[in-house]
Amino acid sequence: MLVTMSAMLLTAAPVHVAAAPIALPGVGASVALPGAVVSPFADDFQPVAAMAVSPLALAASLPAIEIFAQGLPTQDIPPVGPAPLGTPPAQRTPNDIIVTGRKETAGDPLRAVNAESFAVTQKVDDAVIGPVARTYKKTVPSPIRRGIHNFLYNLREPIVFLNFLLQFKPGKAAETVGRFAINTTIGVAGVLDMAKKKPFHLPRRSNGFANTLGYYGVKNGPFLFLPLVGPTTIRDLLGGAVDRLILPVAIGKPFTSTAYAIPAGILGALDHRSEFDQTLKDLHDNSPDPYAATRSFYLNRRQAEIDHLHGRVEGDPAGMSGPPPSVVPFVPSDLEPGARPVSEVPMEAPEVATPAVDAKPAADTGQ
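Residue 453, in the numbering used here, is where the sequence shown stops; the numbers in between run on with no holes.
This is the structure:
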């Protein structure tokens, strides 16, 4: 029987199965179908009907087999790799790798070294330079100090003139030449600033090669606090070196001799320190973080000077060469690690307000 079923499945031709005569419905006697052959195994089976069966009929007679689709798994498969940026913490899996970065203060990669240099410089200034500068300011009469100040800055007028030319500002360059000529002659070698008086009205302007670099888009570079130099940047350090070489290279003596360089350097340092004495006091004594206050004050004022060259802001044309009216209160936006917040800094009783200082050059009193 198994052999017969296998033959029916493997061939398309009908397979004849021998059996006893079939009793047809409605017919009273059994009949034998034409072409039926009696199987030699007919005696082994009970009398059943025999007929030619095709493979399709046999397949239809087999019990139906139901096949169910397995389908996709219902359990969520965790994604491979870290969760996308911005995914809430509740939606992150325990195996997520989160990479975070620390935002450093821009422009001060040498902060630790600068802060140490600032601390050492402050100790030297508190012990030596500050007292000497204050003694110089108290003992030397104001007309003499003002004359020294005017003389030193009159020597810088050729540098200011050259940089105005490099910045394609011929009008200001011409005014600088006029200032230099008037003060060098009528002003007795620059001791008297006659150019800013009537009828000239030519204010002193600050300019230098560092300003020219900034005017054309050169960035500050890293902030530096150097002994004997103070706050500066890579750009300003390079520009200042070029400025100091212009007169010795272009003119020579007496600017190349030590007999001029040493006294001029000492007088310049005393003049600058005495002029900025109150400003330094405000930055160092009235700020929760003196180093950050000094850095922010310097960088902000230098940027204001560059913006003034572009005509973006109004300001004192003297720029960094003159002290500001006041920096009180001055709180930097980026305090150093460990500095006390502003709310924790004890505030002194407010002093009587002083009249505002006009940014325009005041009329000279003959000094």
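Glycine included, each C-beta is placed from N, C-alpha and C at the ideal position.
Rounding to the nearest angstrom, what Cα-Cα distance links residue i and residue j in this structure?
| i | j | result |
| --- | --- | --- |
| residue 322 | residue 297 | 8 Å |
| residue 198 | residue 311 | 11 Å |
| residue 326 | residue 315 | 10 Å |
| residue 205 | residue 196 | 14 Å |
| residue 349 | residue 384 | 27 Å |
| residue 192 | residue 305 | Only weak support is given to the placement of residue 192: the predicted model assigns it a pLDDT of 41, under 50, and the value that follows is read from those uncertain coordinates. Using only the alpha carbons, I get a separation of about 12 Å. |
| residue 236 | residue 354 | 11 Å |
| residue 337 | residue 345 | 16 Å |
| residue 273 | residue 218 | 29 Å |
| residue 458 | residue 318 | With the chain running from 87 to 453 in the structure shown, residue 458 is simply not present. |
| residue 438 | residue 207 | Below a pLDDT of 50, predicted positions are generally treated as unreliable, and residue 438, at 40, falls in that range; the measurement from the model is reported next regardless. Spanning the two alpha carbons is a distance of roughly 32 Å. |
| residue 212 | residue 360 | 13 Å |
| residue 263 | residue 331 | 20 Å |
| residue 255 | residue 339 | 30 Å |
| residue 241 | residue 216 | 25 Å |
| residue 429 | residue 372 | Confidence at residue 429 is low in this model, with a pLDDT of 44, below 50, so its placement is unreliable and the value that follows should be read with caution. The straight-line gap from Cα to Cα measures roughly 13 Å. |
| residue 284 | residue 270 | 17 Å |
| residue 352 | residue 387 | 25 Å |
| residue 333 | residue 324 | 16 Å |
| residue 210 | residue 280 | 37 Å |
| residue 227 | residue 374 | 35 Å |
| residue 367 | residue 358 | 14 Å |
Between which residues of its own chain and residue i is the CB-CB distance below 6 Å, once the five residues before and five after are set aside?
| i | result |
| --- | --- |
| residue 159 | Here the model assigns residue 159 a pLDDT of 49, short of 50, so the residue's position is not dependable, and the following value carries that caveat. Nothing meets the Cβ criterion. |
| residue 427 | Interpretation of residue 427 is limited by its pLDDT of 47, a score under 50 that renders its predicted location unreliable; no figure is taken from the coordinates. |
Just to confirm my understanding: we take residue i, look at its own chain, exclude 5 residues before and 5 after, and list those with CB closer than 7 Å. What are they?
| i | result |
| --- | --- |
| residue 293 | 246, 249 and 250 |
| residue 399 | 390 and 393 |
| residue 376 | 369 and 370 |
| residue 258 | 250 and 291 |
| residue 267 | none |
| residue 163 | Residue placement at residue 163 is flagged as unreliable, the pLDDT there being 49, under the threshold of 50; the coordinate-derived value follows with that caveat. Here the set comprises nothing. |
| residue 253 | 298, 301 and 395 |
| residue 275 | 237 |
| residue 225 | none |
If contacts are defined as beta-carbon pairs under 8 Å, then residue i and residue j qualify, I think. What distance do you get, rounded to the angstrom?
| i | j | result |
| --- | --- | --- |
| residue 381 | residue 309 | 6 Å |
| residue 356 | residue 239 | Wrong, their Cβ atoms sit about 14 Å apart, outside the cutoff. |
Would you call the CB atoms of residue i and residue j closer than 7 Å?
| i | j | result |
| --- | --- | --- |
| residue 261 | residue 288 | yes |
| residue 220 | residue 243 | no |
| residue 295 | residue 335 | no |
| residue 41 | residue 342 | Since the first residue shown for the chain is 87 and the last is 453, residue 41 is missing from the structure and cannot be characterised. |
| residue 320 | residue 307 | yes |
For the ligand NAP, is there a heavy atom less than 6 Å away from the beta-carbon of residue i?
| i | result |
| --- | --- |
| residue 207 | With respect to the ligand NAP, the structure shown offers nothing to examine, as it has no ligands at all. |
Quick check on residue i - is its C-beta less than 7 Å from some C-beta in chain D?
| i | result |
| --- | --- |
| residue 301 | Absence of chain D from the displayed structure is noted, only one protein chain being present. |
Tell me which same chain residues have a C-beta within less than 8 Å of the C-beta of residue i, skipping the five on either side of it?
| i | result |
| --- | --- |
| residue 203 | 311, 312 and 313 |
| residue 396 | 301 |
| residue 347 | 341 |
| residue 362 | 409 |
| residue 200 | 194, 309, 310, 311, 377 and 381 |
| residue 214 | none |
| residue 231 | 222, 223, 357 and 360 |
Length-filtered (4 minimum) alpha helix (DSSP H) runs lying within the segment 235-296: 243-252 and 256-271
Beta strand (DSSP E) segments (min. 3 residues) lying fully within the segment 316-403: 316-319
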